[in-house]
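Heads up, the thing below is written out as structure tokens.
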Amino acid sequence: MSSILMHAPALIIALPLLAAFLTPILSRFNGKKISWFVSAVLGITLLLTLYMAGHILIDGPLIYVFGGSEAGLTLPSGYNFPIRIIFQIDAMGIFMALITAVVSFLAAIYSITYMEEHTGLDKYYTLLLLLATSMFGMEITGDIFNFFVFFEIASISSVALISFRSTISGEPAEAGLKYMVVSSISALMVLFAIGLFYGQYDALNIAAIASFMQYTQLDKIALILFVTVLAMKSGAVPMHMWTPDAYSEAPAAITMVLVAASQASLYALFRIIFTIYNITLNTVTVGWIIIILGVLSMFIGVTMAIIQKDIKRLMAYHAISQTGYMLLGVGVGMAVLADPQALESFGISAMEGGIFHIMNHAMYKGLLFLTAGALFYRTGTRDLSKMGGLANKMNYTTIFFIIGAAAIAGIPPFNGFASKLIIYESVFQFNPLLSIIAMLVSILTLASFVKVFHSAFLGPQLEEYKTVQEVPKSMVLAMGVLAVIIVFFGLFPDIIVKNLVHPAVMALINQSRYTSTILGGM
Amino acid sequence: MIGNFPFVAVVIMLGLGIYSLMFKKNLIKIAIGLTLIESGANLFLIALGYRKGSVAPIYTMAPEGAKMALPTPQALCLTSIVIGVATTALVLSIIMIIYKKYGTLNTDEIRRLRG
Numbered sequence: 000m001s002s003i004l005m006h007a008p009a010l011i012i013a014l015p016l017l018a019a020f021l022t023p024i025l026s027r028f029n030g031k032k033i034s035w036f037v038s039a040v041l042g043i044t045l046l047l048t049l050y051m052a053g054h055i056l057i058d059g060p061l062i063y064v065f066g067g068s069e070a071g072l073t074l075p076s077g078y079n080f081p082i083r084i085i086f087q088i089d090a091m092g093i094f095m096a097l098i099t100a101v102v103s104f105l106a107a108i109y110s111i112t113y114m115e116e117h118t119g120l121d122k123y124y125t126l127l128l129l130l131a132t133s134m135f136g137m138e139i140t141g142d143i144f145n146f147f148v149f150f151e152i153a154s155i156s157s158v159a160l161i162s163f164r165s166t167i168s169g170e171p172a173e174a175g176l177k178y179m180v181v182s183s184i185s186a187l188m189v190l191f192a193i194g195l196f197y198g199q200y201d202a203l204n205i206a207a208i209a210s211f212m213q214y215t216q217l218d219k220i221a222l223i224l225f226v227t228v229l230a231m232k233s234g235a236v237p238m239h240m241w242t243p244d245a246y247s248e249a250p251a252a253i254t255m256v257l258v259a260a261s262q263a264s265l266y267a268l269f270r271i272i273f274t275i276y277n278i279t280l281n282t283v284t285v286g287w288i289i290i291i292l293g294v295l296s297m298f299i300g301v302t303m304a305i306i307q308k309d310i311k312r313l314m315a316y317h318a319i320s321q322t323g324y325m326l327l328g329v330g331v332g333m334a335v336l337a338d339p340q341a342l343e344s345f346g347i348s349a350m351e352g353g354i355f356h357i358m359n360h361a362m363y364k365g366l367l368f369l370t371a372g373a374l375f376y377r378t379g380t381r382d383l384s385k386m387g388g389l390a391n392k393m394n395y396t397t398i399f400f401i402i403g404a405a406a407i408a409g410i411p412p413f414n415g416f417a418s419k420l421i422i423y424e425s426v427f428q429f430n431p432l433l434s435i436i437a438m439l440v441s442i443l444t445l446a447s448f449v450k451v452f453h454s455a456f457l458g459p460q461l462e463e464y465k466t467v468q469e470v471p472k473s474m475v476l477a478m479g480v481l482a483v484i485i486v487f488f489g490l491f492p493d494i495i496v497k498n499l500v501h502p503a504v505m506a507l508i509n510q511s512r513y514t515s516t517i518l519g520g521m
Numbered sequence: 000m001i002g003n004f005p006f007v008a009v010v011i012m013l014g015l016g017i018y019s020l021m022f023k024k025n026l027i028k029i030a031i032g033l034t035l036i037e038s039g040a041n042l043f044l045i046a047l048g049y050r051k052g053s054v055a056p057i058y059t060m061a062p063e064g065a066k067m068a069l070p071t072p073q074a075l076c077l078t079s080i081v082i083g084v085a086t087t088a089l090v091l092s093i094i095m096i097i098y099k100k101y102g103t104l105n106t107d108e109i110r111r112l113r114g
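Read top to bottom, the protein sequences are chains A and B.
Those letters in the first sequence? Residues 0 to 521, by numbering that gives the first Met the number 0.
Those letters in the second sequence? Residues 0 to 114, by numbering that gives the first Met the number 0.
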């Protein structure tokens with residue numbers, strides 16, 4: 000491995016972070032070209048992530064120790080537990096980092112023309128880069144306090160991005176405030192739970208905490224705090240009130256990144272219950288709690304979505320509903336974690352469905368939000384009742400919308416079908432009722448998107464949209480890449496599940512592998 | 000008992016903060032509630048690292064064999080304070096924008112996003 004690539008784990012944090020603070024300086028010289036600079040930086044980050052993914056999936060987890068004499072030295076002589084900040088990237092972490100890299104790169108490409116007319120672009124791109132940095136940080140760090148820091152950076156930058164356009168009207172600021180309150184409480188409760196861990200085990204490293212875990216009364220309190228606030232940040236149902244506001248008021252490209260940011264919280268939830276607690280906790284109870292959160296999210300999300308008139312609000316409620324599928328799949332895996340036979344026969348495949356759905360969701364929901372942005376860009380409204388007859392004028396957008404809508408409704412041969420089928424099959428063996436609810440929700444999703452398609456794209460051409468054209472090339476390109484990924488995943492799900500999703504699930508389930516990478520054979 | 004007093008204070012601060020978040024209608028009071036929770040979490044971290052009669056953890060200056068306070072929670076707390084400043088500044092500036100656009104700070108009247 001050449002020397003610079005050895006530092007890839009640090010570079011995917013350092014590069015966007017450095018670029019974030021270079022952006023305001025560079026935009027003094029040439030404000031118009033700054034979007035290209037940001038896209039290039041995020042493109043390089045994507046390449047680095049792909050390189051690391053290849054390395055991790057072949058050679059196993061990657062460790063990077065900050066401040067150590069060498070990158071792989073986790074235990075300096077005389078220490079039983081790691082004292083330095085360590086980045087530990089296993090198959091699950093890199094799986095999430097890939098989503099983040101793709102999504103943030105495409106958001107930058109899309110923004111080149113989408114945000115062209117706006118002022119204050121240097122701040123917009125600084126915040127976008129910071130958001131990308133913090134999501135990478137949350138996904139690859141092996142240190143729980145480090146996770147808190149990135150969690151806070153993610154909240155602050157995404158709040159500022161949500162309320163980015165509040166100079167025109169008050170609504171983005173209102174949505175931003177809601178999200179800020181939710182994420183501040185979440186982050187502080189995470190900090191409190193970290194304090195509970197540190198008070199008991201004197202460790203901040205996730206692997207070290209996992210190996211010392213006693214599951215005392217205090218750990219139960221910490222577990223409750225983690226599950227509540229991370230489910231809240233990922234938009235699961237009883238705590239979902241911020242999701243539609245934040246998703247609908249943010250600029251379209253940012254909404255796509257926000258979906259990925261919510262999934263980074265979801266990843267943190269899975270990382271904590273699987274890696275830190277694993278089978279020490281009462282897996283059946285916790286598993287059922289997650290399943291119930293998931294089923295509620297699926298059902299309430301989709302029923303709220305059907306009555307919406309604002310296209311982005313409707314999609315935001317669908318995002319809640321789809322989060323339910325991930326929770327359902329992984330929850331079933333959690334519930335049978337202590338039972339090796341059930342885990343082997345359907346638990347692992349349920350988790351594969353849930354985890355695969357995370358990536359699929361990021362892709363098709365990103366595509367759908369981008370098409371909503373394209374409609375907004377040309378028509379200036381998000382209200383479905385004011386749109387109509389756009390299919391003739393915006394051919395590419397129409398095709399991309401159909402692909403995205405078919406994928407979210409679980410129609411073959413798109414990627415949503417692939418992951419939903421795995422979830423249906425495996426959950427059916429666990430509890431048939433859950434599987435039936437999941438299918439019902441899928442049908443309601445289809446109904447709701449047929450309505451959107453009908454009211455936005457079909458029907459007679461409206462007078463005020465006579466001059467509407469297709470959106471500019473950079474937006475088409477960003478949507479096109481997502482559409483290609485969706486179709487590819489839909490046609491060849493086996494390749495993805497075998498090479499990317501299955502290692503990720505095994506990395507979650509196998510706790511001792513995670514701890515022994517850091518602590519040796521303790 | 001007296002050693003546990005900081006933890007009692009932590010619980011009181013968290014409780015007051017959550018109370019003001021849930022039941023207060025004024026946005027500024029909600030912002031105060033957030034800072035209260037943050038102070039509670041910081042106090043919790045600091046209280047974890049304290050031992051009675053301990054000295055500051057500076058190896059070159061501490062007397063021989065003296066007990067030292069644990070420095071890590073203090074480092075954590077410092078980081079958290081810095082983040083807290085940024086959060087508070089952002090919350091307050093968003094509240095300013097809301098006041099400009101809506102002309103009120105009452106949460107019952109700031110409800111354009113619904114459904």
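From the three backbone atoms N, C-alpha and C, an ideal C-beta is built for every residue, glycine too.
TODO: Could you run through the stretch 23 to 38 of chain B and flag, in chain order, every residue whose CB is less than 8 Å away from some CB of chain A?
DONE: L26, I29, L33, I36 and E37
- [ ] Name the two residues that bound the continuous beta strand (DSSP E) containing V543(A).
- [x] An answer regarding residue 543(A) cannot be provided, because it is not within the stretch 0 to 521 covered by chain A.
TODO: With DSSP as the reference, label Q216(A) as helix, strand or coil.
DONE: The residue labelled residue 216(A) in the question sits at position 217 within the first sequence. Of the three classes helix, strand and coil, the one that applies to Q216(A) here is helix, per DSSP.
TODO: Using three-state DSSP, classify F86(A) as helix, strand or coil.
DONE: Here residue 86(A) is taken as the residue at index 87 of the first sequence, counted from 1. Strand at F86(A).
TODO: Can you grab the Cα-Cα spacing for the pair G83(B) / M179(A), in whole Å?
DONE: Looking up residue 83(B) in the second sequence gives position 84. Looking up residue 179(A) in the first sequence gives position 180. Rounded to whole angstroms, G83(B) to M179(A) spans 12 Å at the Cα level.
Open item on the list: For a quick check, are the C-beta atoms of I96(B) and S165(A) less than 8 Å apart?
Closed with: Within the second sequence, numbered from 1, the residue matching residue 96(B) stands at position 97. Within the first sequence, numbered from 1, the residue matching residue 165(A) stands at position 166. Yes, these two residues count as a Cβ contact at 8 Å.
TODO: Kindly indicate if chain A contains any beta-carbon less than 8 Å away from that of Y101(B).
DONE: Translated into the one-based positions of the second sequence, residue 101(B) becomes position 102. Closer than 8 Å: yes.
Task: Minimum Cβ-Cβ distance from S53(B) to chain A less than 8 Å - done: Residue numbering aside, residue 53(B) sits at position 54 when the second sequence is read from its first letter. Chain A contact via Cβ: absent.
TODO: Go ahead and label D142(A) buried or exposed: buried means 16 or more other beta carbons lie within 10 angstroms of its beta carbon, across all protein chains shown.
DONE: Translated into the one-based positions of the first sequence, residue 142(A) becomes position 143. Buried: at least 16 other Cβ atoms inside 10 Å.
TODO: Please compile the residues from chain B whose C-beta is within a distance smaller than 9 Å of the C-beta of Y376(A).
DONE: Here residue 376(A) refers to the residue found at position 377 when the first sequence is read from its first residue. Within 9 Å Cβ-Cβ: nothing; Y376(A) doesn't reach chain B, min ~21 Å.
Open item on the list: Run through the DSSP bridge pairs and tell me what D382(A) is partnered with.
Closed with: Here residue 382(A) corresponds to residue number 383 of the first sequence, with the count starting at 1. D382(A) pairs with D309(A).
- [ ] For Y197(A), decide whether its Cβ has a neighbour in chain B, counting only Cβ atoms nearer than 8 Å.
- [x] Taking the first residue of the first sequence as position 1, residue 197(A) is located at position 198. By this cut-off, Y197(A) is an interface position.
TODO: Return the first residue and the last residue of the alpha helix (DSSP H) that Y123(A) is part of.
DONE: The residue labelled residue 123(A) in the question sits at position 124 within the first sequence. Where Y123(A) is concerned, the enclosing alpha helix (DSSP H) stretches over L120 to I139.
TODO: Decide if A55(B) is buried, meaning its Cβ has at least 16 other Cβ atoms within 10 Å, or exposed.
DONE: Along the second sequence, one-based indexing puts residue 55(B) at 56. Looking at its Cβ environment, which holds fewer than 16 other Cβ atoms inside 10 Å, A55(B) is exposed.
Task: Given M314(A) as reference, the closest of F488(A), R381(A), L4(A) and G53(A) once Cα atoms are compared - done: Reading the first sequence from its first residue, position 315 is the one you call residue 314(A). M314(A) has its Cα closest to that of R381(A), out of F488(A), R381(A), L4(A) and G53(A).
Task: Cβ-based neighbour list, A131(A), same chain, cut-off 6 Å, excluding 5 preceding and 5 following - done: Position 132 of the first sequence, counting from 1, holds the residue named residue 131(A). Cβ within range, chain order: P15 and S103.
Task: Whole-angstrom C-beta distance between G352(A) and S418(A), which should lie under 8 Å - done: What you label residue 418(A) is simply residue 419 of the first sequence in a count that begins at 1. What you label residue 352(A) is simply residue 353 of the first sequence in a count that begins at 1. The pair is a contact, with the Cβ atoms about 5 Å apart (cut-off 8 Å).
Task: Between the CA atoms of K51(B) and P62(B) - distance to the nearest angstrom - done: Position 63 of the second sequence, counting from 1, holds the residue named residue 62(B). Position 52 of the second sequence, counting from 1, holds the residue named residue 51(B). Their backbone Cα atoms lie some 16 Å apart in a straight line.
- [ ] Could you tell me whether any Cβ in chain B is nearer than 8 Å to the Cβ of L187(A)?
- [x] Along the first sequence, one-based indexing puts residue 187(A) at 188. L187(A) counts as touching chain B.
Open item on the list: Whole angstroms are fine: how far does the CA of P243(A) sit from the CA of I220(A)?
Closed with: The sequence position of residue 220(A) within the first sequence is 221, counting from 1. The sequence position of residue 243(A) within the first sequence is 244, counting from 1. The straight-line gap from Cα to Cα measures roughly 29 Å.
Open item on the list: If contact is defined by three or more beta carbon pairs under 8 Å, each pair taking one atom from either stretch, is the stretch 2 to 11 of chain B in contact with the stretch 20 to 32 of chain B?
Closed with: no
- [ ] Could you please give the first and the last residue of the uninterrupted alpha helix (DSSP H) stretch that includes S183(A)?
- [x] Here the question's residue 183(A) lines up with position 184 in the first sequence. Counting along the chain, the alpha helix (DSSP H) containing S183(A) begins and ends at E170 to Y200.
Open item on the list: Which same chain residues end up closer than 8 Å to G286(A) when comparing Cβ atoms and leaving out the 5 residues on each side of it in sequence?
Closed with: On the first sequence, residue 286(A) is found 287 positions in, with the first residue counted as 1. Excluding residues within five positions, the ones whose Cβ falls inside 8 Å are G330, V331, G332, M333, A334, V335 and L336.
- [ ] Going by DSSP, name the residue or residues bridged to M67(B).
- [x] Residue 67(B) sits at position 68 when you count from the first residue of the second sequence. Answer by DSSP bridge pairing, in chain order: V54(B).
- [ ] Could you tell me the distance, in whole angstroms, from the CA atom of L445(A) to the CA atom of N414(A)?
- [x] As a first step, residue 445(A) must be located in the first sequence, where it is residue number 446. As a first step, residue 414(A) must be located in the first sequence, where it is residue number 415. Distance between the alpha carbons of L445(A) and N414(A): 15 Å.
Open item on the list: Using CA atoms only, rank isn't needed, just tell me which of P412(A), A404(A) and K472(A) is closest to L443(A).
Closed with: In the first sequence, the residue the question calls residue 443(A) occupies position 444. If we check each option's Cα against that of L443(A), A404(A) comes out closest.
- [ ] With a cut-off of 8 Å on the beta carbons, I'd call L128(A) and T254(A) a contact; round off their distance for me.
- [x] As a first step, residue 128(A) is located in the first sequence; it is residue number 129 there, counting from the start. As a first step, residue 254(A) is located in the first sequence; it is residue number 255 there, counting from the start. Contact doesn't hold; Cβ gap of about 17 Å is too wide.
- [ ] Could you tell me which of I517(A), L342(A), K392(A) and L176(A) sits nearest to Q460(A), measuring between CA atoms?
- [x] Position 461 of the first sequence holds residue 460(A). The candidate whose alpha carbon is nearest that of Q460(A) is K392(A).
Task: Burial state of M177(B), where buried means 16 or more other Cβ atoms lie within 10 Å - done: The structure shown does not extend to residue 177(B), since chain B spans only 0 to 114, so no value can be given for it.
- [ ] Kindly indicate which residue of I82(A), M386(A), L327(A) and S447(A) has the alpha-carbon position closest to the one of A202(A).
- [x] Taking the first residue of the first sequence as position 1, residue 202(A) is located at position 203. Of I82(A), M386(A), L327(A) and S447(A), the residue nearest in Cα terms is I82(A).
Task: Cβ of G169(A) within 8 Å of any chain B Cβ - done: Taking the first residue of the first sequence as position 1, residue 169(A) is located at position 170. Closer than 8 Å to some Cβ of chain B, the Cβ of G169(A) qualifies, so yes.
Task: Those residues which DSSP pairs with N391(A) across a bridge - done: Taking the first sequence and counting its residues from 1, the one referred to as residue 391(A) is at position 392. In DSSP, N391(A) forms no bridge with anything.
- [ ] Using a Cβ-Cβ cut-off of 8 Å, state whether F144(A) counts as contacting chain B.
- [x] Counting from one through the first sequence, the residue named residue 144(A) turns up at place 145. Interface residue, yes.
- [ ] Enumerate in chain order the residues of its own chain whose CB-to-CB distance from K497(A) is below 6 Å, with the five nearest sequence positions on each side excluded.
- [x] Stepping through the first sequence from its first residue, residue 497(A) is reached at position 498. Taken in chain order, the list of residues that qualify is empty.
Task: Y63(A) versus I12(A): straight-line alpha-carbon distance, rounded - done: Translated into the one-based positions of the first sequence, residue 63(A) becomes position 64. Translated into the one-based positions of the first sequence, residue 12(A) becomes position 13. Cα to Cα, Y63(A) sits roughly 12 Å from I12(A).
Open item on the list: Buried or exposed, going by whether 16 or more other CB atoms sit within 10 Å of the CB of R111(B)?
Closed with: Here residue 111(B) refers to the residue found at position 112 when the second sequence is read from its first residue. Exposed, since its Cβ has fewer than 16 Cβ neighbours within 10 Å.
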